[in-house]
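**Student:** Residue 658 in our numbering sits at position 248 of the sequence shown; the count goes up by one each step and never skips.
Where a beta carbon is used, it is the ideal one built from N, C-alpha and C, also for glycine.
Every value quoted in this text rests on a predicted model; they were computed, and no experiment measured them.
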Amino acid sequence: MEQLINRLASVVWGPVMLALMLGAGLYFTLRGRCLQVRHWPTIWRRTFGDMIRGGRGRSAGITPFQAVSTALASTVGTGNIVGVAAVLMAGGPGAVFWMWVSAFLGMATKYAEVVLAQTYRRPDGRGGFLGGPMYVIRDALGRPLLAGAFAVLGMLASFGVGNMIQAGALSQAVVELTGASPRLVGLLAMAVAGAVVLGGARLVARVTETLVPFMAGLYILGALAILAVHIGRVPAALALIVREAFRPGPAAAGAGGFLLSRALRTGLARGVFSNEAGLGSAAIAHAAADAKSPVEQGFWGAMEVFLDTLVICTLTALALLSSGVYSRWQALVTAGALPALAEAAGPVSAAADPNAPLALLAFTGTLGPWGGMLLGICTTLFALATIIGWSFYGESCCRYLFPRWENRAVLCYRVVYIVAVYLGSTWSFGLLWGLSDVLNGLMAVPNLIALFLLSGIVVKATNSYFAEERRQGGAGRRR
411 MEQLINRLAS
421 VVWGPVMLAL
431 MLGAGLYFTL
441 RGRCLQVRHW
451 PTIWRRTFGD
461 MIRGGRGRSA
471 GITPFQAVST
481 ALASTVGTGN
491 IVGVAAVLMA
501 GGPGAVFWMW
511 VSAFLGMATK
521 YAEVVLAQTY
531 RRPDGRGGFL
541 GGPMYVIRDA
551 LGRPLLAGAF
561 AVLGMLASFG
571 VGNMIQAGAL
581 SQAVVELTGA
591 SPRLVGLLAM
601 AVAGAVVLGG
611 ARLVARVTET
621 LVPFMAGLYI
631 LGALAILAVH
641 IGRVPAALAL
651 IVREAFRPGP
661 AAAGAGGFLL
671 SRALRTGLAR
681 GVFSNEAGLG
691 SAAIAHAAAD
701 AKSPVEQGFW
711 GAMEVFLDTL
721 VICTLTALAL
731 LSSGVYSRWQ
741 ALVTAGALPA
751 LAEAAGPVSA
761 AADPNAPLAL
771 LAFTGTLGPW
781 GGMLLGICTT
791 LFALATIIGW
801 SFYGESCCRY
811 LFPRWENRAV
821 LCYRVVYIVA
831 VYLGSTWSFG
841 LLWGLSDVLN
851 GLMAVPNLIA
861 LFLLSGIVVK
871 ATNSYFAEER
881 RQGGAGRRR
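#1: What separation, rounded to the nearest whole angstrom, lies between the Cα atoms of residue 737 and residue 496?
#2: Please confirm whether residue 776 and residue 867 have their CB atoms less than 8 Å apart.
#3: Run through the DSSP bridge pairs and tell me what residue 533 is partnered with.
#4: What separation, rounded to the nearest whole angstrom, lies between the Cα atoms of residue 538 and residue 644?
#5: Is residue 425 buried or exposed, if buried means 16 or more other CB atoms sit within 10 Å of its CB?
#6: Might you give, ordered along the chain, the residues of its own chain that have their beta carbon closer than 6 Å to the beta carbon of residue 509, omitting 5 neighbours on each side?
#7: Work out the CA separation of residue 704 and residue 532 for me, nearest whole Å.
#8: In the DSSP assignment, what are the bridge partners of residue 699?
#9: Can you tell me whether residue 518 is helix, strand or coil according to DSSP?
#10: Are the CB atoms of residue 825 and residue 708 nearer to each other than 8 Å?
#11: How long is the line joining the alpha carbons of residue 460 and residue 430, rounded to whole angstroms?
#12: Quick check: what's the CA-CA separation for residue 872 versus residue 694?
#13: Classify residue 609 as helix, strand or coil using the three-state DSSP reduction.
#14: Report yes if the CB atom of residue 580 is closer than 8 Å to the CB atom of residue 785, and no otherwise.
#15: So the alpha helix (DSSP H) residue 426 belongs to, where does it begin and stop?
#16: Going straight from the alpha carbon of residue 466 to that of residue 421, what length do you get?
#17: Between residue 477 and residue 626, is the Cβ-Cβ spacing less than 8 Å?
#18: Is the distance from the Cβ of residue 544 to the Cβ of residue 560 below 8 Å?
#19: Taking residue 526 and residue 860 to be in contact with their CB atoms under 8 Å, please state how far apart those CB atoms are, rounded to whole angstroms.
#20: Note down, in chain order, each residue of its chain lying with its Cβ closer than 6 Å to the Cβ of residue 529, except the 5 sequence neighbours on either side.
#21: So residue 561 is in the alpha helix (DSSP H); what residue range does that whole segment cover?
#22: Check this for me: beta carbons of residue 687 and residue 484, under 8 Å apart or not?
#23: Quick one: using the 10 Å Cβ neighbour count with 16 as the cut-off for buried, is residue 413 buried or exposed?
#24: Look at the alpha carbon of residue 534 and the alpha carbon of residue 813, and state the distance between them as a whole number of angstroms.
#25: Taking 8 Å as the cut-off, decide whether the C-beta atoms of residue 439 and residue 518 are in contact.
#26: Taking the straight line between their C-alpha atoms, what separation do you get for residue 628 and residue 472?
#27: Under 8 Å, do residue 689 and residue 854 count as touching if we go by C-beta distance?
#28: Which same chain residues, not among the five before or five after residue 715, have their C-beta less than 6 Å away from its C-beta?
#29: Which same chain residues, not among the five before or five after residue 490, have their C-beta less than 6 Å away from its C-beta?
#30: At which residues does the alpha helix (DSSP H) containing residue 778 begin and terminate?
#31: Kindly list the residues whose CB is nearer than 6 Å to the CB of residue 578, restricted to its own chain and excluding five residues on each side of it in sequence; keep chain order.
#32: Restricting to runs no shorter than 3 residues, where is the beta strand (DSSP E) found entirely within the stretch 701-735?
#33: Quick check on DSSP: helix, strand or coil for residue 813?
#34: Excluding the five sequence neighbours on either side, which residues of its own chain have a C-beta within less than 7 Å of the C-beta of residue 652, listed in chain order?
#35: Can you tell me whether residue 882 is buried or exposed, with buried defined as 16 or more other CB within 10 angstroms of its CB?
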């Protein structure tokens, strides 16, 4: 069954799906006239710039920063650590370049997703908002069955990649740090996650608003410390990434002349899976934000991809390359001392490979025991944040599917979700990796359909916003 699911995952995340995901990014990049570059100063000013000046949002619903924190809690997971290591093992350093390309295009895709989700959201009756691809597909396209399919897949996916897989990573990290029993860790994780999940969307938003900056900042500081120690090797690491992205070279996995294609496929797949651009999941959180306009919340969507992949994943890759961990692993594989990762089963499955603890070697080898402790804490926090963030996605899908029995359905979902945290902490779910690949890939299909068919709405909203910006700027200069 596991082999069958993994084969299905490789089909779902095959060339057609990657072409659609990247095609969407390229399409919106071109139609938006490279918005993520041309308007980067505005994106920065309307996101972190406004936040620094105290403009976090208005009173109703959740603030724009809380929305992006919830989305980042779901996207910045353990894959940003072990997933990047798996990218290097499966595709070589050149795969990192194509991961950058995927993120660059994904910024435009995520922007479009958020704009549509904000445009077609609706009040939830409790002072907040409900939205996401399911509402966009139903209300804008008039396709309730397709919308329902997205909601079902989203709710099921929340138990896999958003919950039990992360709980397993959390349990492993805590057991390695403390030597505690996995069952005890599972109970503690279930208690912590349950206290937040049962509190509802507002509590999830408040917790992630605090947790995400802390955990991301802690990990970034640790990675920067490694780069500072090996600062002389960083330029060579960057040059290696670019060089290996465009030409075949000696492949650690024995791919020979096919290294280029494998680097491209692995990097693009990991980039898509890391930042979730095109899946539609993060748009559910952004739809709940009480933003000034859909376009300004869309800026947060683009910033989310930038932080997740172009910052955090890049720091992981450079730490692995500059510390020499990757080259030592490559030498062992070449000598036949370790099995090679010749074919990645999928973007998630690759992260589950037993060779993935390269990041631990980079941290402990450079920073000593404190580095291992720091990485363990970051892994724990990343996993916990993803569990909390994905509960918001799954609950929103549940609300959409069962509007008549909303309160009962949501309560049942929360209880099952909390129990799943314990199961993921104590059981081995090898099958879940491939199944999560399938569910996440299938989620993208209805979302991509909506994105392409409703692209005109995104373009119109974007043009109107910047036309108003120019008018206000001109009026300000005249005054």
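**Tutor:** Put simply:
#1: Here the question's residue 737 lines up with position 327 in the sequence shown. Here the question's residue 496 lines up with position 86 in the sequence shown. About 14 Å.
#2: Locating residue 776 in the sequence shown gives position 366, where the first residue counts as 1. Locating residue 867 in the sequence shown gives position 457, where the first residue counts as 1. Cβ distance not < 8 Å, so residue 776 and residue 867 don't count as in contact.
#3: If you number the sequence shown from 1, residue 533 lands on position 123. Partner(s): 539.
#4: Within the sequence shown, residue 538 is the residue found at index 128, counting from 1. Within the sequence shown, residue 644 is the residue found at index 234, counting from 1. Near 46 Å, if we compare the C-alpha coordinates of residue 644 and residue 538.
#5: Stepping through the sequence shown from its first residue, residue 425 is reached at position 15. Per the 10 Å Cβ criterion, exposed.
#6: Counting from 1 along the sequence shown, the entry for residue 509 is found at position 99. Once the five neighbours on either side are set aside, the close Cβ partners of residue 509 are 677, 680 and 681.
#7: Residue mapping note: residue 532 aligns to position 122 of the sequence shown, counting from 1. Residue mapping note: residue 704 aligns to position 294 of the sequence shown, counting from 1. Each residue's alpha carbon lies about 13 Å from the other.
#8: Translated into the one-based positions of the sequence shown, residue 699 becomes position 289. According to DSSP, residue 699 bridges with 472.
#9: The residue you call residue 518 lines up with position 108 of the sequence shown. In the structure shown, residue 518 sits in a helix (DSSP, three-state: H, G or I).
#10: The residue given as residue 825 occupies position 415 in the sequence shown. The residue given as residue 708 occupies position 298 in the sequence shown. Contact: no.
#11: As a working mapping, residue 460 is identified with position 50 in the sequence shown. As a working mapping, residue 430 is identified with position 20 in the sequence shown. Approximately 34 Å between the Cα atoms of the pair.
#12: What you label residue 872 is simply residue 462 of the sequence shown in a count that begins at 1. What you label residue 694 is simply residue 284 of the sequence shown in a count that begins at 1. Rounded to the nearest angstrom, the two C-alpha atoms are 20 Å apart.
#13: Walking along the sequence shown from the start, residue 609 turns up at place 199. Correct three-state label for residue 609: coil.
#14: On the sequence shown, position 170 is the one that residue 580 refers to. On the sequence shown, position 375 is the one that residue 785 refers to. Not a contact, by the Cβ cut-off of 8 Å.
#15: As a position in the sequence shown, residue 426 is number 16, starting the count at 1. Looking at the DSSP string, the run of the alpha helix (DSSP H) that includes residue 426 is 425-441.
#16: The residue given as residue 466 occupies position 56 in the sequence shown. The residue given as residue 421 occupies position 11 in the sequence shown. In this prediction, residue 466 has a pLDDT of 48, which is less than 50 and means its spatial position is unreliable; what the coordinates show is noted afterwards. Each residue's Cα considered, the two are about 42 Å apart.
#17: Stepping through the sequence shown from its first residue, residue 477 is reached at position 67. Stepping through the sequence shown from its first residue, residue 626 is reached at position 216. Cβ atoms of residue 477 and residue 626: not closer than 8 Å.
#18: As a working note, residue 544 is residue 134 in the sequence shown. As a working note, residue 560 is residue 150 in the sequence shown. Yes. Within cutoff.
#19: Translated into positions along the sequence shown, residue 526 becomes position 116. Translated into positions along the sequence shown, residue 860 becomes position 450. Residue 526 to residue 860, Cβ: 7 Å. Contact.
#20: Translated into positions along the sequence shown, residue 529 becomes position 119. Taken in chain order, the residues that qualify are 704.
#21: Along the sequence shown, one-based indexing puts residue 561 at 151. Looking at the DSSP string, the run of the alpha helix (DSSP H) that includes residue 561 is 554-569.
#22: Reading the sequence shown from its first residue, position 277 is the one you call residue 687. Reading the sequence shown from its first residue, position 74 is the one you call residue 484. Cβ atoms of residue 687 and residue 484: not closer than 8 Å.
#23: Taking the sequence shown and counting its residues from 1, one reaches residue 413 at position 3. It counts as exposed.
#24: Mapped onto the sequence shown, residue 534 falls at position 124. Mapped onto the sequence shown, residue 813 falls at position 403. So the alpha carbons of these two residues sit roughly 11 Å apart.
#25: Here residue 439 refers to the residue found at position 29 when the sequence shown is read from its first residue. Here residue 518 refers to the residue found at position 108 when the sequence shown is read from its first residue. Cβ atoms of residue 439 and residue 518: closer than 8 Å.
#26: Your numbering for residue 628 matches position 218 in the sequence shown. Your numbering for residue 472 matches position 62 in the sequence shown. Those two C-alpha atoms are separated by around 25 Å.
#27: On the sequence shown, position 279 is the one that residue 689 refers to. On the sequence shown, position 444 is the one that residue 854 refers to. Yes, Cβ-Cβ distance for residue 689 and residue 854 is below 8 Å.
#28: The count along the sequence shown starts at 1 and reaches residue 715 at position 305. Within the same chain, residue 715 has close Cβ partners 513, 516, 517, 520, 685 and 687.
#29: Taking the first residue of the sequence shown as 1, we reach residue 490 at position 80. These residues qualify, in order along the chain: 722 and 723.
#30: Here residue 778 refers to the residue found at position 368 when the sequence shown is read from its first residue. Where residue 778 is concerned, there is no enclosing alpha helix (DSSP H), given that its DSSP letter is neither H nor E.
#31: Taking the first residue of the sequence shown as position 1, residue 578 is located at position 168. Counting only Cβ-Cβ distances below 6 Å, and skipping sequence neighbours, we find 834.
#32: none
#33: The sequence position of residue 813 within the sequence shown is 403, counting from 1. Coil.
#34: Your numbering for residue 652 matches position 242 in the sequence shown. The residues are 507.
#35: Along the sequence shown, read from residue 1 onward, the residue named residue 882 stands at position 472. It is exposed - the Cβ of residue 882 has fewer than 16 other Cβ atoms within 10 Å.
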